[in-house]
Amino acid sequence: MVYLFLGDDLARKDTQISSLKKTFFKNPQAVFFDYESLDTITLSVDILKKSLITLPVLSAKRLVVVRNVHQLKAADIAVLSAFLKKPPGHVDLVLESAEVALKGELKGHAASCRRVVFSTASPGNAFDMARLMTAGKAKEALKMLNGLYDHGTHPLQVMGALVWYWGKEGRGLGTDKFERGLKALEEADLNIKRTRLKPEYAVEKAVVELMAIRRNVILPSAPKA
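Add 6 to the 1-based position in the sequence shown for my numbering, that's all there is to it.
Structure representation (structure tokens):
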């Protein structure tokens with residue numbers, strides 16, 4: 007697994023890294039052998055390459071953190087690119103940057119990572135998104151939804167807000183529309199729990215369907231597999 011921790015909230019990033027260390031290293035001594043934190047500002051030639059090929063000593067995997075990844079030099083970017091094409095199973099990698107997006111030669115690598123933005127600026131919450139839905143602002147609601155995902159909100163947390171939203175808004179639309187909305191929510195829940203769809207997409211689909219029901223728009227049925 008490769009994690010990409012972006013944003014200016016260093017404290018939250020450090021908390022998440024500490025959580026990963028606890029998950030990885032059941033033996034307290036393992037952190038001294040199988041954990042390594044590098045900073046690109048002081049990174050010497052070939053150190054990154056060596057860190058990524060070194061095998062774990064006391065744990066199933068090593069955990070390597072590369073801070074200020076946006077300042078990697080060309081030679082190290084080449085090492086990282088080769089790693090991301092086929093990540094080995096013996097190491098998990100955390101790429102950290104105060105930037106909110108990778109740029110330049112690194113830009114294309116974000117898709118290979120599990121990306122989370124840790125920002126001191128509030129992205130709002132799922133109930134704020136539901137209020138945008140009430141106001142009929144579909145584009146803004148979906149944009150906020152993606153922002154919530156970037157800040158680590160789990161799709162099931164959003165589902166709780168959608169159930170609240172539909173209980174509040176759907177009943178006034180009549181029995182037929184209310185039940186159609188409940189069915190959309192039930193389908194999203196099943197899609198998440200039974201991994202029929204990627205959880206983020208399942209919730210986005212439910213948001214679109216609920217807003218369409220509210221506007222009295224009939225969406226085309228998805229093609230059968």
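C-beta: ideal position from N, C-alpha, C; glycine also.
Treat the numbers as computed from the prediction; the structure is a model and nothing was measured.
- Selected residue, minimal CA-CA separation from Tyr155, among Lys204, Leu108 and Phe184: On the sequence shown, residue 155 is found 149 positions in, with the first residue counted as 1. The residue among Lys204, Leu108 and Phe184 with its C-alpha nearest the C-alpha of Tyr155 is Lys204.
- Option in Met165, Gly95, Val164 and Asp14 with minimal Cα separation from Leu61: Working through the sequence shown from its first residue, we reach residue 61 at position 55. The option with the nearest alpha carbon to Leu61 is Gly95.
- Message: Between the alpha carbons of Arg18 and Ala141, how many angstroms are there, rounded?
- Response: Within the sequence shown, residue 18 is the residue found at index 12, counting from 1. Within the sequence shown, residue 141 is the residue found at index 135, counting from 1. Using only the alpha carbons, I get a separation of about 32 Å.
- Message: Within 8 Å, do at least three Cβ pairs link the region 104-121 to the region 66-76?
- Response: Contact between the region 66-76 and the region 104-121 is established, with three or more Cβ pairs separated by less than 8 Å.
- N-terminal and C-terminal residue of the alpha helix (DSSP H) that Leu196 is part of: Reading the sequence shown from its first residue, position 190 is the one you call residue 196. That run of the alpha helix (DSSP H) goes Thr181 to Lys199.
- Query: Just the Cα atoms here: how many angstroms apart are Leu148 and Ala136?
  - Reply: Taking the sequence shown and counting its residues from 1, the one referred to as residue 148 is at position 142. Taking the sequence shown and counting its residues from 1, the one referred to as residue 136 is at position 130. Rounded to the nearest angstrom, the two C-alpha atoms are 10 Å apart.
- Query: Within 10 angstroms of its Cβ, does Glu210 collect 16 or more other Cβ (buried), or is it exposed?
  - Reply: The residue you call residue 210 lines up with position 204 of the sequence shown. Per the 10 Å Cβ criterion, buried.
- Query: Bridge partners of Phe11, per DSSP?
  - Reply: Taking the sequence shown and counting its residues from 1, the one referred to as residue 11 is at position 5. Phe11 pairs with Glu102 and Val122.
- Query: What residue range is occupied by the uninterrupted alpha helix (DSSP H) comprising Arg137?
  - Reply: Your numbering for residue 137 matches position 131 in the sequence shown. Segment Ala132 to Thr140, the alpha helix (DSSP H) holding Arg137.
- Message: For Met165 and Ile59, I'd like the C-alpha separation in whole angstroms.
- Response: On the sequence shown, position 159 is the one that residue 165 refers to. On the sequence shown, position 53 is the one that residue 59 refers to. Straight-line measurement puts the Cα of Ile59 at about 41 Å from the Cα of Met165.
- Query: Under 8 Å, do Val8 and Leu54 count as touching if we go by C-beta distance?
  - Reply: Within the sequence shown, residue 8 is the residue found at index 2, counting from 1. Within the sequence shown, residue 54 is the residue found at index 48, counting from 1. Taking 8 Å as the Cβ cut-off, Val8 and Leu54 do not qualify as a contacting pair.
- Message: Based on DSSP bridge pairs, tell me the residues matched to Arg202.
- Response: Within the sequence shown, numbered from 1, the residue matching residue 202 stands at position 196. In the DSSP assignment, no residue is bridged to Arg202.
- Please classify Asp45: does DSSP put it in a helix, a strand, or coil? Numbered from 1 along the sequence shown, position 39 holds the residue referred to as residue 45. It is a strand residue.
- Query: Val72 by DSSP, collapsed to three states: which one?
  - Reply: Taking the sequence shown and counting its residues from 1, one reaches residue 72 at position 66. Val72 falls in the strand class under three-state DSSP.
- Item | Buried or exposed by the 16-neighbour rule on C-beta atoms within 10 Å, applied to Phe38 | Translated into positions along the sequence shown, residue 38 becomes position 32. Answer is exposed; the Cβ neighbour count stays below 16.
- Task: Report the residue from Val51, Lys56, Ser50 and Thr46 whose alpha carbon sits nearest the alpha carbon of Asp40.
- Result: For the purposes of this step, residue 40 is taken as residue 34 along the sequence shown, with counting starting at 1. For the residues Val51, Lys56, Ser50 and Thr46, the minimum Cα distance to Asp40 belongs to Lys56.
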